[in-house]
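*Asks:* Below: one structure in structure tokens.
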């Protein structure tokens, strides 16, 4: 189910990216202004009382810090549906769904998704990096962020990537994943079952 919608989402994103039209400015998740814009999109385009099991923020292209799409997954008439708002076209899309789902799917209202935690988790992620190494600076959130309702616990799981520049370009690093032909490295994080932020890639280099 999720794989099918992710594939559809990617196809639609490519189509929209090729269309003419644009926004007055880019949305950056690393800023308070960017978070305010995301909150406004969720409230005005989807509605805070809409019940969903997934909220995903997608970036313009791989390794970009700019947001291009905000997507929710919800149940409609016994079917799994995807609504998405394109920041490129400033328009909400509601593709028709033919994928059946179960009423047992756990959902939460959008007002229960704490968007302000994006910046909080971003700051905490930079702290985790700097506890391990002082090699990096100029941190920025990738323009994508995932919030999904855990179907076992009913809690919201979050995951995201951030970028950091290596202060010295003379040598490689044990930490992070270098973005090709740049001095920028990517790190990945998620929240665990207790809501604690943990590294999933880039910091656990010495763990078995």
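In the numbering used here, the protein residues as written are 43 to 250.
Note that beta-carbon positions come from the ideal geometry of N, C-alpha and C, so glycine has one too.
Since we're looking at a predicted model, the values are computed, not measured.
1) Between residue 103 and residue 85, what straight-line distance do the alpha-carbon atoms span, to the nearest angstrom?
2) Per DSSP, what kind of secondary structure is residue 167 in: helix, strand or coil?
3) Based on the DSSP output, what are the partners of residue 88 in its beta bridges?
4) Specify, as a first and last residue, the run of the alpha helix (DSSP H) that residue 72 falls within.
5) Can you give me the start and stop residues for the beta strand (DSSP E) that residue 185 sits inside?
6) Kindly indicate which three-state DSSP category residue 160 falls into: helix, strand or coil?
7) In the DSSP assignment, the beta strand (DSSP E) including residue 243 goes from what residue to what residue?
8) How about residue 93 and residue 71: do their beta carbons lie closer than 8 Å?
9) Note down, in chain order, each residue of its chain lying with its Cβ closer than 8 Å to the Cβ of residue 187, except the 5 sequence neighbours on either side.
10) If we ignore side chains and look at the alpha-carbon of each, how far apart do residue 235 and residue 197 end up?
11) Are the Cβ atoms of residue 121 and residue 96 separated by less than 8 Å?
12) Could you give the residue range of the beta strand (DSSP E) that holds residue 202?
13) Would you kindly work out how many angstroms separate the C-alpha atoms of residue 87 and residue 114, rounded to a whole number?
14) Can you name, in chain order, every residue of its own chain whose Cβ lies under 8 Å from the Cβ of residue 91, other than the five neighbours on each side?
15) On the DSSP bridge list, what partners appear for residue 97?
16) Hey, how far is the Cα of residue 193 from the Cα of residue 220?
17) Kindly indicate which three-state DSSP category residue 108 falls into: helix, strand or coil?
18) Assign residue 78 to one of three DSSP states: helix, strand, or coil.
19) For residue 217, which of 83, 208 and 163 has the nearest alpha-carbon?
20) For residue 77, which residues from the same chain have a beta carbon less than 8 Å from its beta carbon, with the 5 sequence-adjacent residues on both sides left out?
21) Measure the CB-CB distance between residue 278 and residue 134 and report whether it falls below 8 Å.
*Replies:* According to the structure shown:
1) As a working mapping, residue 103 is identified with position 61 in the chain shown. As a working mapping, residue 85 is identified with position 43 in the chain shown. Cα to Cα, the separation comes out at about 25 Å.
2) Residue 167 sits at position 125 when you count from the first residue of the chain shown. If DSSP states are grouped into helix, strand and coil, residue 167 belongs with the helices.
3) As a working note, residue 88 is residue 46 in the chain shown. Bridge partners of residue 88: none, in fact.
4) Here residue 72 refers to the residue found at position 30 of the chain shown. Where residue 72 is concerned, there is no enclosing alpha helix (DSSP H), given that its DSSP letter is neither H nor E.
5) Counting from 1 along the chain shown, the entry for residue 185 is found at position 143. 178–191 is the span of the beta strand (DSSP E), which, as asked, contains residue 185.
6) Along the chain shown, read from residue 1 onward, the residue named residue 160 stands at position 118. Helix at residue 160.
7) For this step, residue 243 is matched to residue 201 along the chain shown. First-last of the beta strand (DSSP E) with residue 243: 239–243.
8) Within the chain shown, the letter at position 51 stands for residue 93. Within the chain shown, the letter at position 29 stands for residue 71. No, these two residues do not count as a Cβ contact at 8 Å.
9) Residue 187 sits at position 145 when you count from the first residue of the chain shown. Answer for residue 187: 71, 98, 99, 160, 200, 201 and 202, listed in chain order.
10) Residue numbering aside, residue 235 sits at position 193 when the chain shown is read from its first letter. Residue numbering aside, residue 197 sits at position 155 when the chain shown is read from its first letter. Near 8 Å, if we compare the C-alpha coordinates of residue 197 and residue 235.
11) Counting from one through the chain shown, the residue named residue 121 turns up at place 79. Counting from one through the chain shown, the residue named residue 96 turns up at place 54. No, they are not a contact pair.
12) Stepping through the chain shown from its first residue, residue 202 is reached at position 160. Taken as a continuous stretch (DSSP letters only), the beta strand (DSSP E) holding residue 202 covers 198–208.
13) Sequence index remark: in the chain shown, residue 87 carries index 45 (1-based). Sequence index remark: in the chain shown, residue 114 carries index 72 (1-based). Their backbone Cα atoms lie some 11 Å apart in a straight line.
14) On the chain shown, position 49 is the one that residue 91 refers to. Closer than 8 Å at Cβ, skipping near neighbours: 151, 152 and 153.
15) The residue you call residue 97 lines up with position 55 of the chain shown. Partner(s): 114 and 189.
16) Numbered from 1 along the chain shown, position 151 holds the residue referred to as residue 193. Numbered from 1 along the chain shown, position 178 holds the residue referred to as residue 220. Computed Cα separation, rounded: 34 Å.
17) Position 66 of the chain shown, counted from the start, is the residue given in the question as residue 108. Residue state, collapsed to three classes: strand.
18) For this step, residue 78 is matched to residue 36 along the chain shown. In the structure shown, residue 78 sits in a helix (DSSP, three-state: H, G or I).
19) For the purposes of this step, residue 217 is taken as the residue at position 175 of the chain shown. Out of 83, 208 and 163, 208 has the C-alpha closest to the C-alpha of residue 217.
20) As a working note, residue 77 is residue 35 in the chain shown. Correct list, in chain order: 71, 157, 158, 160 and 161.
21) Past the boundaries of the shown model lies residue 278; the chain is included only from 43 to 250, so the question cannot be answered.
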